[in-house]
């Protein structure tokens with residue numbers, strides 16, 4: 081096997097490991113973001129004397145789905161089995177490159193939406209709208225944080241995979 085082929089095989093395995101970790105992360109993180117956004121909505125609604133029902137429902141739904149996601153991914157989370165190698169390395173590389181732009185677009189778009197709601201809707205700047213605005217901002221921030229974390233997993237996949245292999249072998253070299 082040539083050196084280039086061996087290096088591509090090693091990279092595919094490392095990216096496969098990162099993809100498995102990202103799948104495990106996604107399974108609980110995004111529902112948790114929903115629950116967190118619901119908690120923010122409920123807290124802000126109570127603070128301004130509003131109805132916290134929507135926030136409470138989102139919080140419960142997010143917590144339940146996050147727990148289910150964590151439980152469903154328990155096996156791949158704790159497996160010692162080697163990951164399936166990544167099959168589309170150029171797409172992963174593209175994702176690593178474009179994710180910062182996606183994050184900034186999401187955050188900027190959310191800021192524009194919040195600004196438009198405040199400025200151009202009836203009662204947009206009133207305290208009653210604060211829970212909805214808090215929900216939007218929290219949701220966008222949580223999604224952005226998840227994207228940034230997964231990008232870091234992919235970008236640092238070789239090091240993460242090497243450390244996993246070291247632990248899998250019982251810390252012996």
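Numbering (this note's numbering), first residue to last: 81 to 253. Where is the CB? At the ideal position from N, CA and C, for every residue including glycine.
Quick one: residues in its chain with C-beta nearer than 7 Å to the C-beta of residue i, no 5 flanking neighbours on either side, listed in chain order?
i, result
"residue 130", "208, 211"
"residue 183", "224, 227, 228"
"residue 230", "102, 105"
"residue 255", "Missing from the structure shown is residue 255; the chain here goes from 81 to 253 and no further."
Identify whether residue i lies in helix, strand or coil by the three-state DSSP scheme.
i, result
"residue 99", "helix"
"residue 165", "coil"
"residue 247", "helix"
"residue 113", "helix"
"residue 120", "helix"
"residue 129", "coil"
"residue 179", "helix"
Would you mind reading off the limits of the alpha helix (DSSP H) that contains residue i?
i, result
"residue 232", "210-235"
"residue 202", "No alpha helix (DSSP H) contains residue 202, which DSSP labels as neither H nor E."
"residue 135", "133-152"
For the putative contact between residue i and residue j, defined by C-beta atoms under 8 Å, what is the C-beta separation to the nearest angstrom?
i, j, result
"residue 142", "residue 115", "2 Å"
"residue 139", "residue 125", "Their Cβ separation, rounded to whole angstroms, is 11 Å, which puts residue 139 and residue 125 out of contact at 8 Å."
Ignore the nearest five residues each way along the sequence and tell me which others in residue i's own chain have a CB closer than 6 Å to its CB.
i, result
"residue 92", "165, 166"
"residue 95", "166, 172, 237"
"residue 81", "Bear in mind that a pLDDT of 47 at residue 81, under 50, signals an unreliable position, so the number given afterwards is only what the model happens to contain. Answer for residue 81: no residue qualifies."
Answer with yes or no whether the minimum CB distance from residue i to chain C is below 8 Å.
i, result
"residue 170", "Structure shown: chain C not included; a single protein chain is present."
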